[in-house]
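Residues in the sequence shown are numbered from 0 upward in steps of one, following numbering that gives the first Met the number 0. In what follows, a structure is listed as structure tokens, so that the remarks can point back to it.
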Amino acid sequence: MFQCIACGSRVAHKGTVSEVFQVEGRRILVEHIPAEICSRCGEPTFSSETAERVRKVVHGEGQPVKTVPMDVYALQ
Numbered sequence: 000m001f002q003c004i005a006c007g008s009r010v011a012h013k014g015t016v017s018e019v020f021q022v023e024g025r026r027i028l029v030e031h032i033p034a035e036i037c038s039r040c041g042e043p044t045f046s047s048e049t050a051e052r053v054r055k056v057v058h059g060e061g062q063p064v065k066t067v068p069m070d071v072y073a074l075q
């Protein structure tokens, strides 16, 4: 049973998200990650299998499909 860790809602829908991870000083964008997405606040939740697949990808077990420039902002 789904319960959002951010807002406590119990309503979600399946979808995909993109996330940026920072590993050893490098930023890595992973697209099309399957997730349950909270219908109230939009917080994605990943299955343990998906989290493991992402971990392997960001730690070098996979080849990038493309390279993109990234704008970086700082809140001070």
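Even for Gly, the Cβ is constructed at its ideal location relative to N, Cα and C.
query, result
"The region 6-18 touching the region 27-47, judged by at least three CB pairs closer than 8 Å", "yes"
"Identity of the residue in Gln-2, Gln-75, Gly-59 nearest Leu-28 by Cα", "Gly-59"
"C-beta contact flag for Val-16 and Pro-43 at 8 Å", "yes"
"Extent of the continuous beta strand (DSSP E) run through Val-22", "11-22"
"Same chain, Cβ closer than 6 Å to Phe-45, neighbours up to 5 away in sequence not counted", "Ala-34"
"Through-space distance from Val-64 to Thr-49, alpha-carbon basis", "18 Å"
"Cβ-based burial, Cys-3 [other Cβ within 10 Å; buried from 16]", "buried"
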